[in-house]
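Peer 1: Quick one: structure below, then a few questions.
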Amino acid sequence: MNADHLAAWHLDAHGNPTGSPRRFFYDLTGTAPHRDAQVRHALTRLLHWARVCGVKAIAVEDLDFAADKTREKHGRRKRFRQLISGMPTGKLRTRLASMTDRTRIAVIAVAPAYTSRWGAQHWQKPLTTTRHDAAAVAIGRRAQGHPIRRRTTRPRAHQSDVHGHRTAQAGLGAPGREEPRPSIPGPRTRSVPPDAASTRATRTSKRSGCPQ
């Protein structure tokens with residue numbers, strides 16, 4: 000959801016964007032009934048396009064600007080505070096849930112953290128698209144359980160420690176991803192005899208204690 004439009008992109012089962020991105024514009028100026036009609040009309044066009052594509056779910060950001068409208072957070076950025084205050088995020092979620100209930104299309108709300116930044120970093124340039132459309136791809140991939148990053152960079156040598164580790168961490172299903180690295184037995188770093196302590200304690204000095 001943006002200030003004047005909804006950015007959407009159809010993803011396949013593997014999280015890859017198919018076709019072209021779509022935008023559903025609305026006007027949030029004017030009276031409250033006019034704004035509500037604009038949002039309803041944009042959602043109607045979105046659901047019609049979703050039925051044509053045959054999708055089973057629509058992924059949206061779980062946006063909440065209740066704590067971001069204060070002057071203490073954004074200072075004198077009055078224009079930006081007015082912009083986020085005019086975005087009816089709560090009304091859009093409620094109306095979308097009620098409209099999709101009749102169309103048998105599920106709604107998946109995902110965390111909005113870094114979707115715009117990572118979408119622009121990993122998808123904007125390869126798809127030659129805008130930042131908003133790249134964020135839509137990031138939101139859809141997060142809803143499907145795929146990482147937003149396009150691929151994991153492999154090491155340039157036979158060991159990852161030669162040139163650094165991979166850019167992406169282990170997946171959620173990898174066994175032992177939260178556990179410490181196992182202790183693998185191997186040769187010691189320096190040779191120490193197992194009875195070194197007892198040898199030092201019992202051996203006698205080379206210098207004799209008898210008078211000359």
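Residues in the sequence shown are numbered consecutively from 0, following numbering that gives the first Met the number 0.
Note that the Cβ used here is the ideal one computed from N, Cα and C, for glycine as well.
Owing to the predicted nature of the structure, the values given are computational and were not obtained by experimental measurement.
1. Using alpha carbons as the reference points, say which of Gln123, Val59 and His145 lies closest to Arg94.
2. Exposed or buried, which one is Asp61 when buried takes at least 16 other CB atoms within 10 Å?
3. Using a 10 Å radius around the Cβ and a threshold of 16 neighbouring Cβ atoms, would you call Pro32 buried or exposed?
4. Can you give the Cα-Cα distance for Ala137 and Arg50, rounded to whole angstroms?
5. Below 8 Å, can you find three or more Cβ-Cβ pairs linking the stretch 13-25 to the stretch 119-137?
6. For Asn1, tell me which candidate among Val38, Thr30, Leu10 and Gly29 has the shortest Cα-Cα distance.
7. Judging by CA-CA distance, which residue of Arg148, Ala36, Ala56 and Asp3 is the nearest neighbour of His9?
8. Report, in whole angstroms, the separation of the C-beta atoms of Arg92 and Ser115, which I expect to be a contact under 8 Å.
Peer 2: A quick look at the data gives this:
1. That would be Val59, whose Cα lies nearest to the Cα of Arg94.
2. Asp61 is exposed by the Cβ-count criterion.
3. Exposed: under 16 other Cβ atoms inside 10 Å.
4. Cα to Cα, the separation comes out at about 21 Å.
5. Judged by Cβ distances under 8 Å, the stretch 13-25 makes contact with the stretch 119-137, as three or more pairs qualify.
6. It is Val38 whose Cα lies nearest to the Cα of Asn1.
7. When each option's Cα is compared against that of His9, the closest is Ala56.
8. Between Arg92 and Ser115 the beta-carbon gap is near 18 Å, outside 8 Å, which marks them as no contact.
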